[in-house]
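This report refers to the structure that appears directly beneath it.
Protein chains: 2
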Amino acid sequence: MTPSLSRTGTKFRTACERVRNDGERIALVPTMGALHEGHLALIRFARERADRVFVSIFVNPTQFGPTEDFEQYPRDIEGDLRLCQEAEVDRVFAPSVREMYSDDDLTRVRVAGLTEHLCGAGRPGHFEGVATVVAKLFGLAGPCTAVFGRKDYQQLKVIERMGRDLMLPVEVVGCPTVRESDGLALSSRNRYLSDEDRERVVVIPEALSAAVRAFERGERRAGVLSTPVAEAMAVAGLTPEYVTIADADQLHPLSDDTQIEERALLAVAARVGATRLIDNVVLGEDPAPIEDDEG
Amino acid sequence: MTPSLSRTGTKFRTACERVRNDGERIALVPTMGALHEGHLALIRFARERADRVFVSIFVNPTQFGPTEDFEQYPRDIEGDLRLCQEAEVDRVFAPSVREMYSDDDLTRVRVAGLTEHLCGAGRPGHFEGVATVVAKLFGLAGPCTAVFGRKDYQQLKVIERMGRDLMLPVEVVGCPTVRESDGLALSSRNRYLSDEDRERVVVIPEALSAAVRAFERGERRAGVLSTPVAEAMAVAGLTPEYVTIADADQLHPLSDDTQIEERALLAVAARVGATRLIDNVVLGEDPAPIEDDEG
Numbered sequence: 492m493t494p495s496l497s498r499t500g501t502k503f504r505t506a507c508e509r510v511r512n513d514g515e516r517i518a519l520v521p522t523m524g525a526l527h528e529g530h531l532a533l534i535r536f537a538r539e540r541a542d543r544v545f546v547s548i549f550v551n552p553t554q555f556g557p558t559e560d561f562e563q564y565p566r567d568i569e570g571d572l573r574l575c576q577e578a579e580v581d582r583v584f585a586p587s588v589r590e591m592y593s594d595d596d597l598t599r600v601r602v603a604g605l606t607e608h609l610c611g612a613g614r615p616g617h618f619e620g621v622a623t624v625v626a627k628l629f630g631l632a633g634p635c636t637a638v639f640g641r642k643d644y645q646q647l648k649v650i651e652r653m654g655r656d657l658m659l660p661v662e663v664v665g666c667p668t669v670r671e672s673d674g675l676a677l678s679s680r681n682r683y684l685s686d687e688d689r690e691r692v693v694v695i696p697e698a699l700s701a702a703v704r705a706f707e708r709g710e711r712r713a714g715v716l717s718t719p720v721a722e723a724m725a726v727a728g729l730t731p732e733y734v735t736i737a738d739a740d741q742l743h744p745l746s747d748d749t750q751i752e753e754r755a756l757l758a759v760a761a762r763v764g765a766t767r768l769i770d771n772v773v774l775g776e777d778p779a780p781i782e783d784d785e786g
Numbered sequence: 492m493t494p495s496l497s498r499t500g501t502k503f504r505t506a507c508e509r510v511r512n513d514g515e516r517i518a519l520v521p522t523m524g525a526l527h528e529g530h531l532a533l534i535r536f537a538r539e540r541a542d543r544v545f546v547s548i549f550v551n552p553t554q555f556g557p558t559e560d561f562e563q564y565p566r567d568i569e570g571d572l573r574l575c576q577e578a579e580v581d582r583v584f585a586p587s588v589r590e591m592y593s594d595d596d597l598t599r600v601r602v603a604g605l606t607e608h609l610c611g612a613g614r615p616g617h618f619e620g621v622a623t624v625v626a627k628l629f630g631l632a633g634p635c636t637a638v639f640g641r642k643d644y645q646q647l648k649v650i651e652r653m654g655r656d657l658m659l660p661v662e663v664v665g666c667p668t669v670r671e672s673d674g675l676a677l678s679s680r681n682r683y684l685s686d687e688d689r690e691r692v693v694v695i696p697e698a699l700s701a702a703v704r705a706f707e708r709g710e711r712r713a714g715v716l717s718t719p720v721a722e723a724m725a726v727a728g729l730t731p732e733y734v735t736i737a738d739a740d741q742l743h744p745l746s747d748d749t750q751i752e753e754r755a756l757l758a759v760a761a762r763v764g765a766t767r768l769i770d771n772v773v774l775g776e777d778p779a780p781i782e783d784d785e786g
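Here the protein sequences line up with chains A and B, keeping their order. Using this note's numbering, you'd call the opening residue of the first sequence number 492 and step up by one each time. Using this note's numbering, you'd call the opening residue of the second sequence number 492 and step up by one each time.
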């Protein structure tokens, strides 16, 4: 069945209220569209946690920097609706920019601390844009579960904190990263890659997997775990933006000589050509992106 | 009957949900306590708009500057609860600071533009603190009407905009300023005034009333309306912080030679001794604070 479609905030809010009044729980999956198998995993993850799955599709201008790819970001609402139908999504919320940001919109939500490092360092204003638009979506949706991918780990942590700090009635949950068969994390931006670059970027999951295996063998020195990741990416022709080991909750970077205790985030961002890709594993928690044949 | 008391956000949220599930509407009156006749007017105003009136009492640390009177701000929870009982308030929410700001709270809400002038200029961070704590209260309360005094006109506008921009299910309404018989706007800070200063500060409503009458007689030049207000306050021994005519919605100041069209905000802040008082009228909309005996 075709999912119902809300184009305005008012109609989306009313639809959410109606569902709750019927005693049903909502799981919201906020997306920027250009849906792929990773989003379908979020939708299945959401389905297990609620009676109704609502997907929002909105390319949020305030989270793109002035030199970033807002205009070029892939948009395919027809394809997205078809995928949502196949995935049995109950409702799609696809508002216009004007609908989410009125002409005299003035309010921004900022999560300090968590947004200073990692992607926040290279993308000033990005997480303020994310926190603001997600606060709006939560304001409209009301009590629900909201599902985000762990591929965007820092985003997930920022949104968890924002929802909790603003006391919004939303349970934020993270869904494990979905990967191609060669380990590459699914991303709407993968479609930018040339065939040659697509082959190159497999170094990211390979290097993360090597770090996971080193951690499993007992290596605990942050620098010894992270340095080979940066080197491998550079050798493969990528331009690393950061390769950082950080506290998995507070996201503050750990110096190279830190001995990791139980768990730590290993997060990377790199450019290949004009495309920027990110990936991460939580050492001590996540499996290696690529299974070890010998394992 | 003694009003019910919630001390934690979780319990307050649950109480609000229960009332709504019974089909009753809630009006929320956020306060910093030290309740006076002005708050009782807000409570009566709220009563006309809902089935249940809930009052929050919370002296919000993030809206006080480092040199301001957070520690000294009057606190009288026993007296407040007695007044709430007399006013037939249904529930009081009186959380601790820790309850509203967890140890690792990181999120702030900022309303740009509206907060640059008037009180925002002299109190950096003040309205960010206000917008943040009110967003939290709205997040906890859920769908309701929220009542604020027009005495804090800029605050009212900031909160209206914040609620609308973040798409929170809250209707924000402003209640007319309540005044003493001599015209002084009620404020918890009036209790700081010495007898001598109390006599002096009547110049504020007198000067605002003179401006309203000049406007009613057809004077439209912003500078001609505002200058006598500043002069009268200075002559009376007050230290004006600002006397500003501003757009009543966007709050940007109008230059002295502006011809006011339909309406404009005339807002003042002044110090007398260590006490800072504010007041305002919307020219073309509000009556004079002091009735004209000849009128």
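Every residue gets a Cβ at the ideal spot worked out from N, C-alpha and C, and that includes glycine. All values derive from a computational prediction rather than experimental measurement.
Here Y733 (chain B) carries a strand assignment [DSSP, helix/strand/coil].
Taking C-beta separations shorter than 6 Å and ignoring five residues to either side along the sequence, the partners of D571 (chain A) in its chain run G524, L526, I548, following chain order. Scanning A:V703, A:V580, A:G665 for the CA closest to the CA of P494 (chain A) turns up A:V580. The three-state secondary structure of A637 (chain A), taken from DSSP, is strand. Annotated as distal: A760 (chain A) and I751 (chain A), with beta-carbon spacing of 7 Å or more.
A straight line joining the alpha-carbon of L628 (chain A) with that of F545 (chain B) spans about 26 Å. Under the DSSP assignment, F584 (chain B) falls in the beta strand (DSSP E) whose first and last residues are 582–584. Assignment of alpha helix (DSSP H) within the stretch 525–604 of chain B, counting only whole runs of 4 or more residues, yields 528–538, 568–577, 588–591 in chain order. Going by beta carbons, V625 (chain B) and I650 (chain B) fall inside the 7 Å limit.
Burial is judged here by how many other beta carbons sit within 10 angstroms of a residue's own beta carbon; S746 (chain A) has fewer than 16 and is exposed. Apart from sequence neighbours up to five positions away, the residues of its chain that approach C575 (chain B) with a beta-carbon distance below 6 Å are P494, V546, V583, ordered along the chain. Of the residues assessed, Q554 (chain A) falls on the buried side of the cut-off, its CB having 16 or more other CB atoms within 10 angstroms.
Separation of the CB atoms of E577 (chain A) and R599 (chain A) is rounded to 36 Å, and the pair is thereby denied contact status at 8 Å. Counting only runs that start and end inside the stretch 682–759 of chain B, the beta strand (DSSP E) elements of at least 3 residues fall at 730–737. By a beta-carbon distance limit of 8 Å, L657 (chain A) does not contact D656 (chain B). Their separation comes to about 13 Å. Selection B:E562, B:Q563, B:A585, B:D560 evaluated against E569 (chain B) yields B:A585 as nearest (Cα-Cα). Around the beta-carbon of P557 (chain A), fewer than 16 other beta-carbon atoms lie within 10 Å, marking it exposed. Taking a beta-carbon distance threshold of 7 Å, T553 (chain B) does not count as an interface residue toward chain A. DSSP places V624 (chain A) in the uninterrupted alpha helix (DSSP H) bounded by 617–632. Approximately 5 Å separates the beta-carbon atoms of L631 (chain B) and F503 (chain B); this is inside 8 Å, confirming the contact.
Rounded to the nearest whole angstrom, the C-alpha separation of A676 (chain A) and E562 (chain B) is 52 Å. One finds L657, M658 in chain A with Cβ atoms closer than 7 Å to the Cβ of K627 (chain B), taken in chain order. Residue B:D560 holds the alpha-carbon nearest to the alpha-carbon of S679 (chain B) among B:A537, B:K648, B:D560, B:V773.
Looking at A:I736, A:H743, A:A698, the one whose alpha-carbon comes closest to that of A723 (chain A) is A:A698. Assigned with DSSP and collapsed to three states, T501 (chain B) falls in helix. One finds M658 in chain A with Cβ atoms closer than 7 Å to the Cβ of G500 (chain B), taken in chain order. In the DSSP assignment, E651 (chain A) falls within the unbroken alpha helix (DSSP H) covering 644–656.
Within the DSSP bridge table, the entry for V772 (chain A) names A:L757 as partners. If you ignore the 5 residues before and after G633 (chain A), its C-beta comes within less than 6 Å of the C-beta of C507, all in its own chain and listed in chain order.
By the 16-neighbour rule on beta-carbons within 10 angstroms, V520 (chain B) is buried.
Sequence-distant partners of D740 (chain B) (beyond 5 residues in either direction) whose C-beta falls short of 8 Å from its own C-beta, in its chain, are K648. Assignment of V664 (chain A) by DSSP, reduced to helix, strand and coil, places it in the strand class.
Legend: CB atoms of the stretch 579–609 of chain A lying less than 9 Å from CB atoms of chain B belong to residues M591, Y592, S593, D595, D596, L597, T598, R599, V600, R601, V602, A603, G604, L605, T606. In this structure the stretch 722–737 of chain A lies against the stretch 690–704 of chain A, because at least three pairs of beta carbons, one per stretch, are closer than 8 Å. Comparing C-alpha distances from L742 (chain B) to each of B:N551, B:N771, B:L533, B:P780 shows the shortest one belongs to B:N771. The C-beta distance from L605 (chain A) to A737 (chain A) rounds to 10 Å, too long to meet the 8 Å contact threshold.
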